[in-house]
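Let me begin by presenting the structure, written as structure tokens, before commenting on it.
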Amino acid sequence: MLKAVFFDLDDTLCGYWDASKHGLREAFRRHPVEGRTVDEMVTAWGKAFRKFSPKVKDSDWYETYCREGGVTRTEQMRMTLHEVGVYDESHASRLSDAYGFERDRALKLFDDAQGVLETLKAKYPLGLITNGPADIQRQEIATLGIGHYFDWVFIEGEMGIGKPADVVFERAEQAAEASPSELAFIGNSYAHDVFPAIQRGWKSIWVRRPSDVAPSRSGPEDKPEDAPEPSATISELNELLSLLG
Numbered sequence: 545m546l547k548a549v550f551f552d553l554d555d556t557l558c559g560y561w562d563a564s565k566h567g568l569r570e571a572f573r574r575h576p577v578e579g580r581t582v583d584e585m586v587t588a589w590g591k592a593f594r595k596f597s598p599k600v601k602d603s604d605w606y607e608t609y610c611r612e613g614g615v616t617r618t619e620q621m622r623m624t625l626h627e628v629g630v631y632d633e634s635h636a637s638r639l640s641d642a643y644g645f646e647r648d649r650a651l652k653l654f655d656d657a658q659g660v661l662e663t664l665k666a667k668y669p670l671g672l673i674t675n676g677p678a679d680i681q682r683q684e685i686a687t688l689g690i691g692h693y694f695d696w697v698f699i700e701g702e703m704g705i706g707k708p709a710d711v712v713f714e715r716a717e718q719a720a721e722a723s724p725s726e727l728a729f730i731g732n733s734y735a736h737d738v739f740p741a742i743q744r745g746w747k748s749i750w751v752r753r754p755s756d757v758a759p760s761r762s763g764p765e766d767k768p769e770d771a772p773e774p775s776a777t778i779s780e781l782n783e784l785l786s787l788l789g
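Quick look at the structure:
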């Protein structure tokens, strides 16, 4: 018997990746870089992202990142411009602001997410565990209008630590007053969501949409060959209704 169900947010309940791609293209369209196409700038941003993002949690940027996502977003835009030989702080700021605005405006729940939350909320207490800056994640929750579904919200930026750290799941257990075997976690990332839940002893449900298995998304979403299997794998949230009742 489950006592509570916890969800990841980005690309589990909402299409963050799609909103991000839209926001980037709109930012580079509205604030073009002379001599460069939108596609070239998106590629340059990807290069900067791969240099900056994987190291941010082990760098001096992390405290700032947790508190205020716009600062590190602007730094990534500054690095993006450097990739194409442009050194203009004001242009980086304009791109960052436009990207943040357009990404948030394009952010939407997956079609089945609200119905699933409505149904499960009638049966279980629900929680949210999401990585990212405190202000950005709170804005996402407000934009999506889903805050009222959750009894507990754990945000990396507010805790100063995020998934897959064991302590994050431990705090959720304490809040729910439940043992690991009485809790379920639903997420799209094997490394950040599924594996730590398995290690902790939770039920784990892995969301694998077509966008999660695309070659461009290889990374923490993928399961290493010899890694343990989740309790269940689903391709859409509606499948939770038969799994969880």
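Residue 545 is where the sequence shown starts when you use my numbering, and the numbers rise one by one after that.
For each residue, glycine too, the CB sits at the ideal point set by N, CA and C.
In this text, all values refer to a predicted model and were calculated from it rather than measured experimentally.
Nearest-angstrom beta carbon gap, residue j and residue i [assumed within contact, 8 Å]
i      : j      : result
LEU784 : LEU672 : Not really, about 15 Å apart at Cβ, beyond 8 Å.
Sequence-distant residues of its chain with Cβ nearer than 8 Å to residue i (five each side left out)
i      : result
LYS667 : LEU788, GLY789
LYS595 : MET623
ARG617 : SER640, TYR643, GLY644
N- and C-terminal bounds of the beta strand (DSSP E) containing residue i
i      : result
TRP696 : 696–699
THR777 : 776–778
ALA728 : 727–731
PHE551 : 548–551
Simplified DSSP assignment, three categories, for residue i
i      : result
ASP632 : coil
GLY789 : coil
GLY659 : helix
ARG580 : coil
CYS558 : strand
SER748 : strand
LEU653 : strand
GLU783 : helix
LYS665 : helix
TYR693 : helix
Same chain, Cβ closer than 7 Å to residue i, neighbours up to 5 away in sequence not counted
i      : result
GLN718 : none
SER760 : In this predicted model, SER760 has a pLDDT of only 49, less than 50, meaning its place in the structure is not dependable enough to derive any value.
SER779 : ARG752, ARG753
ASP737 : ASP552, LYS707, PHE729, GLY731
Residue i vs residue j beta-carbon contact at 9 Å
i      : j      : result
PRO677 : GLY613 : yes
ALA722 : LYS652 : no
LYS565 : LEU727 : no
PHE550 : LEU557 : no
GLN620 : ALA592 : yes
TRP746 : SER725 : yes
Terminal residues of the alpha helix (DSSP H) in which residue i lies
i      : result
GLY671 : Where GLY671 is concerned, there is no enclosing alpha helix (DSSP H), although the beta strand (DSSP E) it sits in stretches over 670–674.
MET621 : 613–627
ASP679 : 678–688
ALA719 : 710–720
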